[in-house]
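Just so we're aligned, residue 427 is where the sequence shown starts under the working numbering, counting upward by one.
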Amino acid sequence: MSDREHDRDRPRARGYTDSHEGRGSSSGHSRPAYSSEGRDRGEGRGSREHSQSRGNGNGGGDRDRERGGGGGGRREGGGGRDERGGRRGRRRTYGDTLRTRGADAPSKHGTTGQALQLHSNYFKLLKHIEWTLYQYRVDFSPQCASSRLMQGLINEHKKIFGGFLFDGTQLFMVNKLRSDQLTLQSRHERTGDVYQLRIIHTGSVDMTNETGIQVLNLILRRAMAGLNLQLVGRNLFDAAAKIAIREYQIELWPGYITSIRQHERDILVCCEIAHKTMRMQTCYDILRDCQKHDRNYKDSFKRAVLGVVV
């Protein structure tokens, strides 16, 4: 028996044809031709799984249902990139732009046992905010390094701006300026230096984007400043309520850490208690202490104060 006859008589895998070895009906072609049975049972299963993972089938896969719902992948317009573009024509709520839980995520509510009432340091924003602010970018010439100086230069034009908020770079106003680009001049009260303020309109802000949350944090920061608190770093502390620990020559300043964020369902205000440790020693006190304990006090003093906030 020849090798070809032996190969013809041996058992074949399901869906296997002679064309796999180049012995099909089409002469001169070595590319395998799969039968309909192989496509339906063997190869078809892999292709169906592959198409489901890409979201190109009629079903679209579970992943595409979560993203776009309905009728499938990119060709059908039901999921992924096409579905996201279809939302641009309608007004979105802030819940649409920030989803912290999936649609099929398990519920956090218990089903058995006794319900407990808990209290936390998060406070719900009760009033529904419906306003639109106009956002501008402010460029100073010459440049200013002091945020207090920039705020003072901006305050000289209160009559033009009306109600506004300024964070050092961005200017948020209730009223829109007469032109998208405006150049103003301000003078430093003590030095008499003249600064040019170039104000450029960059867009509008409401509660449908993340910048609206930034504006709420600015408003909260301005309100906290009215409590006569001092800004140390990024947080506010009460210097009048300081606690002196003379044994270690330090002071504890009580303060607050506040933040407004969009959570799963509501906008919540977080308020935490914080403390700042402040040293009571001055640079002169450190120098005198180095002179008492070290002959080479200059090097000791440099090691003690260089890179330290005093």
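No residue lacks a Cβ here, since even glycine has one placed at the ideal position from N, Cα and C. Note that this is a predicted model, so its numbers are computed, not measured.
- Where Val731 is concerned, the enclosing alpha helix (DSSP H) starts and stops at 723-731.
- The C-beta distance from Asn661 to Ile683 rounds to 5 angstroms, short enough to fall under 8 angstroms.
- Counting other Cβ atoms within 10 Å of its Cβ, Met706 stays below 16 and is therefore classed as exposed.
- About 16 angstroms separates the beta carbons of Thr558 and Asp606, which is beyond the 8 angstroms limit, so they are not a contact pair.
- Between Gln577 and Phe566 the beta-carbon gap is near 11 angstroms, outside 8 angstroms, which marks them as no contact.
- Going by DSSP, Lys718 is part of the alpha helix (DSSP H) stretching over 709-719.
- A distance below 6 angstroms between beta-carbons, with the five flanking residues on each side excluded, links Ile580 to the following residues of its chain, in chain order: Phe592.
- Between the region 694-704 and the region 547-561 there are three or more inter-stretch CB-CB distances shorter than 8 angstroms, so the stretches are counted as touching.
- Where Met633 is concerned, there is no enclosing beta strand (DSSP E), because DSSP gives it neither an H nor an E.
- Within 10 angstroms of the beta-carbon of Leu732 lie fewer than 16 other beta-carbons, which makes it exposed.
- The shortest CA-to-CA distance from Gly589 to any of Ser573, Asn601, Gln596 is the one to Asn601.
- Distance from the CA of Gln569 to the CA of Gln688, rounded to the nearest whole angstrom, comes to 35 angstroms.
- Around the beta-carbon of Cys716, 16 or more other beta-carbon atoms lie within 10 Å, marking it buried.
- Cα atoms of Met650 and Thr617: separation of roughly 30 angstroms, rounded to the nearest angstrom.
- In this structure, the CA atom of Gly659 is about 20 angstroms from the CA atom of Val641.
- By the neighbour-count criterion, in which 16 or more other beta carbons inside 10 Å mark a residue as buried, Gly594 falls on the exposed side.
- Closest in C-alpha terms to Arg624, from the list Lys724, Met704, Arg563, Ser726, comes Arg563.
- Taking the CA atoms as reference points, Ile712 sits about 11 angstroms from Arg729.
- Using a Cβ distance threshold of 8 angstroms, Ile686 and Ile693 count as a contacting pair.
- With a contact defined as Cβ atoms closer than 8 angstroms, Leu603 and His583 miss out at about 10 angstroms.
- Tyr560 has its alpha-carbon roughly 22 angstroms from the corresponding atom of Ser612.
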